Amino acid sequence: MPINGVAQGTRGWSTGVNAVGAGPVVASASVPLARRSGLFGRRSKDESSELAELHAWITRTQGLDAAQVADLMRQVRAEAAALREQAEEEAEGIRKDAREVAKEVLDDARKTAKETERARKDAEKRRREIFEAGTRLAELQARIVTTDETAMLQQVGIYAYRHQLQDAVAYRSRLETLQTEIKNLARADRAVLASTKPNCTRSSRHARSTVSTVARSSSTSALQR
């Protein structure tokens, strides 16, 4: 009758216990041999003793295999935990490196944006300064031309008086036309036509002075009308 995987033969006991896991079968535990007796009472007592020894042997052999399997399981769990911890450390290192790289890229982008904005403002300031300088130069050139024309006109006795109707829209264009004609005549030395030949009692210098005085008086009267 088989007991817990162990079969009893006619000449002794043989084990049918298989090793659990990868652990080897322990050879130090010997299988108890069957005892023979001619007396029924003593045979019953011996069989009970043999059965107890067999149970003890099975417990020893199976206990050793279970301990080996438990050690192997603990070793596997420890290695798995170590690998998991190593993988987590490597993953954390990769995440940390990625965060640092992303931060550096973001900082560079912000720095570039600030430099670009500063360059744009500087360029806008330079363009504004150039425009203002050009406008100022044009104003100065216009003043120089006006000053030269005024001085030229004053040399022939023509002065630019401010007329009382100068701001009126109806007379402004007409006044500008007259002023342009006077300037053109002054440039062509045709603003004043008079004889500068001396008479019998006056010199040529006195004649030119008289003509200049008369011209200034006439121009002043014409502009004030």
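Numbering that gives the first Met the number 0 puts the first residue of the sequence shown at 0, with every later residue one more than the last. The C-beta atom is built at its ideal place from N, Cα and C for all residues, glycine as well. The model shown is predicted, which means the values in this text are computed figures rather than measured ones.
Quick check: what's the CA-CA separation for Glu114 versus Leu139? As a position in the sequence shown, residue 114 is number 115, starting the count at 1. As a position in the sequence shown, residue 139 is number 140, starting the count at 1. Distance between the alpha carbons of Glu114 and Leu139: 37 Å.
Under 8 Å, do Ala185 and Met151 count as touching if we go by C-beta distance? Indexing the sequence shown from 1 puts residue 185 at position 186. Indexing the sequence shown from 1 puts residue 151 at position 152. Against a cut-off of 8 Å, the Cβ pair of Met151 and Ala185 comes out as a contact.
Under the three-state DSSP convention, the category Ala187 falls into: Taking the sequence shown and counting its residues from 1, one reaches residue 187 at position 188. The three-state secondary structure of Ala187, taken from DSSP, is coil.
Would you verify that the beta carbon of Asp106 is, or is not, closer than 8 Å to some beta carbon of chain B? Absence of chain B from the displayed structure is noted, only one protein chain being present.
Please report the straight-line C-alpha distance between Glu128 and Glu116, rounded to a whole angstrom. Along the sequence shown, read from residue 1 onward, the residue named residue 128 stands at position 129. Along the sequence shown, read from residue 1 onward, the residue named residue 116 stands at position 117. Distance between the alpha carbons of Glu128 and Glu116: 18 Å.
If you count every other CB in all the chains shown that lies within 10 Å of the CB of Leu53, and 16 or more means buried, which is it? On the sequence shown, position 54 is the one that residue 53 refers to. Leu53 counts as buried, since at least 16 other C-beta atoms from the protein chains shown sit within 10 angstroms of its C-beta.
Drop a sphere of 10 angstroms on the beta-carbon of Ile181, count the other beta-carbons inside from all chains shown, and report buried for 16 or more, exposed for fewer. To locate residue 181, count along the sequence shown from 1; it is residue 182. With 16 or more other Cβ atoms inside 10 Å of its own Cβ, Ile181 counts as buried.
To the nearest angstrom, report how far apart Leu105 and Glu91 are at their CA atoms. To locate residue 105, count along the sequence shown from 1; it is residue 106. To locate residue 91, count along the sequence shown from 1; it is residue 92. Approximately 21 Å, taken between the alpha carbons.
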